[in-house]
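Notes follow the structure.
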Amino acid sequence: MACSALIASAVLAQPVSQNGPLELSSALQRAVHSNPHIASLRAEVTARHGDALQAGLWDNPSFEAELEGFGGDRGGIGDGDLTVAVRQTIPLGGDRRRAREAAEAWAGVETARLNAEIAGLLGEAATAFVDARAAQETARVRAELQDLAEAAASAIRQRVEAGRSSPINLDRADILAATAGIEAASALTEARRAGLALAAMWGGAAAGEVAPPSVLVNNPELSALTPEAMMRRNPDLAVAQQTSRARSEEIARERAEAIPDITVGAGIRRYGSDSETAYLAMVEMPIPVIDRNQGAIAAAAARETGARLDEEALRRQLLARHAAAYRRWSDAQQRYAALSGHVLPAAENAFSRTSLAYREGALQLLDLLDVQRTYFDTRIQAIEARAELARSAIELDVLFGAPRLKQLAGVAGAEANP
């Protein structure tokens with residue numbers, strides 16, 4: 001008799017540490033804290049705040065020194081007229097304040113984008129975790145079925161050699177055992193692939209043993225989440241709303257830029273010929289008769305209109321996505337409840353009764369194998385149904401900003417509420 005189930009368990013458990021199976025919270029934390037793209041977005045948020053600081057600063061004052069009227073017939077440098085002055089540009093119309101507010105609005109866009117990327121990354125990591133767990137469970141069930149099929153084929157082979165069974169039965173048993181072996185090998189390969197895909201979320205080695213994601217399956221709060229609540233919390237919509245706000249701030253900035261700044265200055269002049277001195281005062285202001293920044297204002301207004309339209313288009317897409325995601329979650333919940341609450345217990349009961357009938361001699365071994373295969377197929381269906389329920393719950397959670405996943409990952413602060 002083969003020991004495929006033990007071999008599969010050993011292979012899947014090799015990379016596991018002594019602390020036990022990998023928990024969902026640990027996987028999510030690794031995915032967030034080791035992702036270079038998330039780190040890059042955090043750096044961009046910091047850079048945007050730096051831009052906002054810079055945008056609100058006045059221009060530096062300028063120092064001017066001018067020497068004229070020296071040399072030639074007038075003599076040396078000492079005979080020249082020396083002017084020393086300081087100039088300062090004073091912004092009018094609040095353009096520096098408007099520029100700072102526009103830059104802060106774009107920092108808000110980057111913060112919202114960071115939040116959306118974290119939610120999406122957590123959703124991908126959680127889905128990979130669910131896939132890895134389902135693949136490992138399926139591999140164990142397939143290995144267990146392979147062991148039973150090979151044991152049955154061995155028993156029938158002994159009966160055929162003893163002349164108590166037809167060789168046809170042995171052929172059928174060998175086919176069932178070979179099929180079970182192929183499916184077990186395929187399931188083990190898929191479990192390894194899923195483990196590598198999960199570990200790739202944080203750039204580590206194979207994930208090894210994965211714990212059940214029960215917190216995703218048992219989440220009754222999802223039934224109370226409405227489309228209106230989703231609109232208030234969706235991270236992608238938050239990015240669109242922040243973008244619309246930033247575009248509006250750009251209009252205000254460009255309108256403020258249309259008001260010309262004034263440059264004032266003061267200085268002193270020494271006349272070299274007689275060493276007399278005089279004070280200087282100056283005022284300079286552009287006359288806005290040609291360039292009133294009208295082109296930039298029109299462009300900013302058009303971009304703001306486009307941002308509002310993009311926001312409305314996204315709202316409609318989100319309503320459709322929410323309806324589809326909620327329907328998938330509801331269907332998955334019903335399917336898993338039916339399989340785990342009715343179909344699987346019935347299949348297990350039929351398998352137990354058939355096994356008893358076989359031991360009492362009232363049933364052929366091949367008939368037992370048929371019932372046995374049905375029972376194991378039902379177990380695999382239940383595993384996939386539970387995984388699909390978890391996937392649909394993840395999809396809904398991400399639509400609402402991934403509050404459950406962020407809680408598990410320990411993500412809080414500005415990233416959770418941009």
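If you count by full-length UniProt numbering, then the sequence shown holds residues 1 to 418, one letter each, in order.
Ideal Cβ placement from N, Cα and C applies to all residues, glycine included.
By DSSP's assignment, residue 326 forms no beta bridge with any residue.
Runs of the beta strand (DSSP E) spanning 3 or more residues and lying entirely within the region 23-89 occur at 62-68, in chain order. Considered as a whole, the region 264-315 harbours 276-284 as its complete beta strand (DSSP E) runs of no fewer than 3 residues, in chain order. Residue 218 sits exposed, since fewer than 16 C-beta atoms from the chains shown fall within 10 Å of its C-beta. Fewer than three Cβ pairs drawn from the region 141-158 and the region 104-111 lie within less than 8 Å of each other, which leaves the two stretches out of contact. Between residue 45 and residue 197, the alpha-carbon positions lie close to 29 Å from each other. Bridge pairing for residue 168: absent [DSSP]. Check the Cα spacing between residue 228 and each of 31, 409, 40 and 399: the tightest is with 399. Cα atoms of residue 199 and residue 205: separation of roughly 6 Å, rounded to the nearest angstrom. According to the DSSP secondary-structure assignment, residue 380 is paired through a beta bridge with no residue. Around residue 241, the same chain offers 311 as residues with beta carbons nearer than 7 Å, after the five sequence neighbours per side are excluded. As the crow flies, the alpha-carbon of residue 260 is around 13 Å from that of residue 294. Judged by DSSP in its simplified three-state form, residue 156 adopts helix. Shown here, residue 251 sits in a helix according to DSSP, grouped into three states. Taking all protein chains shown into account, residue 351 has 16 or more neighbouring C-beta atoms within 10 Å of its C-beta and is therefore buried. Using a C-beta cut-off of 8 Å, the region 251-260 makes contact with the region 288-303, since at least three inter-stretch Cβ pairs fall below that distance.
Residue 344 and residue 327 have their C-alpha atoms some 24 Å from each other.
For residue 407, the enclosing alpha helix (DSSP H) stretches over residues 403-409. Following the DSSP letters along the chain, one finds residue 351 inside the alpha helix (DSSP H) bounded by residues 344-359. Rounded to the nearest angstrom, the Cβ distance from residue 27 to residue 134 is 14 Å, too far for a contact under 8 Å.
Distance between residue 239 and residue 309, taken at the CA atoms: about 14 Å. By the Cβ criterion, the region 317-324 is not in contact with the region 270-279, since fewer than three pairs of Cβ atoms, one from each stretch, lie closer than 8 Å. Looking at the DSSP output, residue 210 sits in a beta bridge with 22.
Shown here, residue 259 sits in coil according to DSSP, grouped into three states, outside any helix or strand.
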